[in-house]
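**Student:** Quick one: the structure is below, questions incoming.
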Amino acid sequence: MKTIYILLTKTSTMISKMIRAVTHDEYTHVSIALDKELHELYSFARIHSCTPLPAGLVQENLQTEVYARNGKSKCALYQMIVTDEQFDFIQTTIRSMMDLKDEYHYSVLGLLLCKLDFVHDRHSHMFCSQFVSKLLEDSGAVTLPKPSSLMHPIDFTRITKLHCCYRGTIHGCIAWHEHSDDVPRLSSTSFAR
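Mind the numbering: the sequence shown is residues 40 to 232 in our numbering, read in order.
Written out as structure tokens, the structure is:
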């Protein structure tokens, strides 16, 4: 058995503020990590930190670029135990996609249709929550409550196999792994629900 991590964030970027204004959700972005240190953190997001577009499949880093400028922003880290086969499927899929990352694009249309509750799948085009949920479902780790193209970041908080192990700021999340163990728990800097 292995552990994967799902990171939900809400930064002060223009795109995050726009998504929040439309959805009113607590979190506006989701990423998947294959390690507790969050070094292998992946999502569909901006490619360059200074502009929201172009966007596509990226490996994110909590200590640089957008996250470094938004260290006091709210986040929640969830963990999920998966089988070795499920972990290998997720890892292999991500690595294969990263090898061809220039062929993957952010689905602005899909994001808009998601808000309208209209299922829309387009080859090589995804948004963050669609990417993460599709990985989880295709691996067999979860059964989604709705199609991946309709998943919002906040929907991950309702997946019963995911357990919140940290809630606080992005800066606090960076240090979380140094003081954590494998038991799901909230940090002492957690926000009240």
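Yeah, the Cβ is synthetic: ideal placement off N, Cα and C, and Gly gets one too. In this text, all values refer to a predicted model and were calculated from it rather than measured experimentally.
To which residues of the same chain is Ser88 closer than 7 Å at the C-beta, ignoring the five residues directly before and after it?
**Tutor:** On the sequence shown, position 49 is the one that residue 88 refers to. The residues are Glu104, Val105.
**Student:** What whole-angstrom Cβ distance do Ile129 and Leu201 have, given they're in contact under 8 Å?
**Tutor:** Reading the sequence shown from its first residue, position 90 is the one you call residue 129. Reading the sequence shown from its first residue, position 162 is the one you call residue 201. The Cβ separation is near 14 Å, so there is no contact.
**Student:** Please report the Cβ distance between Ser70 and Ser112, rounded to the nearest whole angstrom; I am assuming they are in contact, meaning their Cβ atoms lie under 8 Å.
**Tutor:** For this step, residue 70 is matched to residue 31 along the sequence shown. For this step, residue 112 is matched to residue 73 along the sequence shown. In fact, because the Cβ distance is near 13 Å, the residues do not count as touching under 8 Å.
**Student:** How is the beta strand (DSSP E) around Ile45 delimited, first residue to last?
**Tutor:** Taking the first residue of the sequence shown as 1, we reach residue 45 at position 6. Its beta strand (DSSP E) spans residues 41–49.
**Student:** Is Lys49 near Thr67, with beta carbons less than 7 Å apart?
**Tutor:** Translated into the one-based positions of the sequence shown, residue 49 becomes position 10. Translated into the one-based positions of the sequence shown, residue 67 becomes position 28. Yes, these two residues count as a Cβ contact at 7 Å.
**Student:** In the DSSP assignment, what residue or residues form a beta bridge with Gln118?
**Tutor:** Counting from one through the sequence shown, the residue named residue 118 turns up at place 79. Its beta-bridge partners are Tyr44, His202.
**Student:** Below 8 Å on the Cβ atoms is my contact criterion, and I expect Ile213 with Gln102 to pass it. Report the Cβ-Cβ distance as a whole number of Å.
**Tutor:** The residue given as residue 213 occupies position 174 in the sequence shown. The residue given as residue 102 occupies position 63 in the sequence shown. Indeed they touch by this definition, with Cβ atoms about 6 Å apart.
**Student:** For Leu96, name the three-state secondary structure that DSSP assigns.
**Tutor:** Indexing the sequence shown from 1 puts residue 96 at position 57. Residue state, collapsed to three classes: strand.
**Student:** Going by the DSSP bridge assignment, what does Val105 pair with across the sheet?
**Tutor:** Here residue 105 refers to the residue found at position 66 when the sequence shown is read from its first residue. The partner list for Val105 (beta bridge, DSSP) is empty, contrary to what the question assumes.
**Student:** By DSSP, does Cys212 sit in helix, in strand, or in coil?
**Tutor:** Numbered from its first residue, the sequence shown carries residue 212 at position 173. Note: Cys212 maps to helix in three-state DSSP.
**Student:** Are the Cβ atoms of Tyr143 and Leu96 separated by less than 7 Å?
**Tutor:** Here residue 143 is taken as the residue at index 104 of the sequence shown, counted from 1. Here residue 96 is taken as the residue at index 57 of the sequence shown, counted from 1. Contact flag set, yes.
**Student:** Can you list the alpha helix (DSSP H) stretches of 4 or more residues lying completely in the stretch 150–196, in chain order?
**Tutor:** 167–178
**Student:** Applying the criterion that 16 or more other CB atoms from any shown protein chain within 10 Å of the CB defines a buried residue, is Val171 buried or exposed?
**Tutor:** Within the sequence shown, residue 171 is the residue found at index 132, counting from 1. Classification for Val171: buried.
**Student:** Do Arg206 and Ala115 have their CB atoms nearer than 7 Å?
**Tutor:** Position 167 of the sequence shown, counting from 1, holds the residue named residue 206. Position 76 of the sequence shown, counting from 1, holds the residue named residue 115. Taking 7 Å as the Cβ cut-off, Arg206 and Ala115 qualify as a contacting pair.
**Student:** When you compare the CB positions of Ile209 and Gly110, do they come within less than 7 Å of one another, or not?
**Tutor:** Translated into positions along the sequence shown, residue 209 becomes position 170. Translated into positions along the sequence shown, residue 110 becomes position 71. Yes; because the gap between Cβ atoms is below 7 Å, this pair is in contact.
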